[in-house]
Each structure stands twice: as structure tokens, then as C-alpha cells.
Amino acid sequence: AGVPRRTAWYVAEECLDCPYRYSGLEYPATKFPPFMEEIREEICKMCGIPPGQYPNSCNVNIYEDQRGVVGWHSDDEVMFQGLNGDTRIISLSLGVPRDFRWRLQGATDAIGCASLGDGDLMTMEGMTQRHFQ
Numbered sequence: 001a002g003v004p005r006r007t008a009w010y011v012a013e014e015c016l017d018c019p020y021r022y023s024g025l026e027y028p029a030t031k032f033p034p035f036m037e038e039i040r041e042e043i044c045k046m047c048g049i050p051p052g053q054y055p056n057s058c059n060v061n062i063y064e065d066q067r068g069v070v071g072w073h074s075d076d077e078v079m080f081q082g083l084n085g086d087t088r089i090i091s092l093s094l095g096v097p098r099d100f101r102w103r104l105q106g107a108t109d110a111i112g113c114a115s116l117g118d119g120d121l122m123t124m125e126g127m128t129q130r131h132f133q
């Protein structure tokens with residue numbers, strides 16, 4: 001069936017040996033192009049993140065149409081340490097609005113929903129990945 005989206009994995013220079021693995025697939029690390037470095041810097045400024053704490057990686061998903069989704073999940077990959085410590089995930093939405101839903105781990109129903117439009121940012125911080133999907 002495949003993944004209902006196109007995905008790319010971009011990283012800072014120090015992370016070029018960090019492929020991204022999920023859903024049984026592996027995405028090779030590609031160095032941030034200059035325009036992504038600029039976007040990262042602007043987003044971090046908006047979020048109050050100092051330069052020494054900028055994210056070192058970015059997972060990019062492209063959804064071709066309304067059928068493209070990311071299923072219920074937590075960003076529980078070992079490299080993020082999201083199940084064991086504070087982790088910051090920043091989501092930037094571009095294009096048409098999409099609903100971003102979350103639920104408690106082990107639950108079946110969403111307890112929250114935010115419609116993310118073009119240019120909207122959403123962050124998940126602290127122990128969010130441990131307690132929510």
C-alpha cells in the first residue's frame with residue numbers, strides 16, 4: 001500500500017550520518033539547503049529558541065491531496081528521546097488547511113484538534129510524545 005505522502009529527511013551538517021526510519025522505511029539524511037537554514041532560523045526566532053538549541057533535523061511530508069495522511073503515532077524514535085525526556089517537535093504547515101488531531105496514548109478518540117493553515121506553526125514540547133499520539 002505504501003505511505004500516503006512523499007517524505008524527505010533534512011539534517012544539519014553534524015547529523016549527516018543519521019538516517020530517519022519509521023513505518024518500516026528508511027530515509028537518507030540530506031544536508032539542509034540554504035533556504036531551509038533560513039526558514040529554520042526564522043521559525044526558531046518566532047518560537048524563542050536560541051541559536052545553540054536549533055533543531056538539527058527536519059522531516060518533510062508532502063500530501064498530494066486530501067487522502068494523504070500521517071496516522072496516529074508518537075515521535076518515539078530513539079534519536080528524539082521523546083519517550084524518556086523533554087522533546088520539542090515543531091510543525092510548520094504550508095498549503096491548504098489540515099486538521100492536526102491528538103489523543104492520549106492507548107485511547108481511540110481524539111481529545112483535541114487544531115486546523116493548521118498555510119504558514120501556521122504548532123509545537124509539541126516536554127513529554128507530549130510520551131503521553132499523546
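If you count the sequence shown from 1, position 53 lands on 53 in the UniProt record's numbering, and the numbers rise without skipping.
For glycine and all other residues, C-beta sits at the position ideal for the given N, C-alpha and C.
Which value, in whole angstroms, describes the spacing of the CA atoms of Glu41 and Cys58? For the purposes of this step, residue 41 is taken as the residue at position 41 of the sequence shown. For the purposes of this step, residue 58 is taken as the residue at position 58 of the sequence shown. Distance between the alpha carbons of Glu41 and Cys58 is about 13 Å.
Can you check DSSP and say which residues form a bridge with Lys31? Locating residue 31 in the sequence shown gives position 31, counting from the first residue. Val11.
Quick one: using the 10 Å Cβ neighbour count with 16 as the cut-off for buried, is Phe35 buried or exposed? Walking along the sequence shown from the start, residue 35 turns up at place 35. Burial call: exposed.
Glu125 vs Asp99 beta-carbon contact at 8 Å: Within the sequence shown, numbered from 1, the residue matching residue 125 stands at position 125. Within the sequence shown, numbered from 1, the residue matching residue 99 stands at position 99. No, the pair does not count as a contact, with Cβ atoms beyond the cut-off.
Alpha-carbon spacing of Arg103 relative to Pro4, whole angstroms: Stepping through the sequence shown from its first residue, residue 103 is reached at position 103. Stepping through the sequence shown from its first residue, residue 4 is reached at position 4. The alpha-carbon atoms of Arg103 and Pro4 are separated by roughly 21 Å.
Hey, could you find the ends of the alpha helix (DSSP H) Arg130 is sitting in? Walking along the sequence shown from the start, residue 130 turns up at place 130. It spans Thr128 to His131 - the alpha helix (DSSP H) in which Arg130 sits, taken as one unbroken run.
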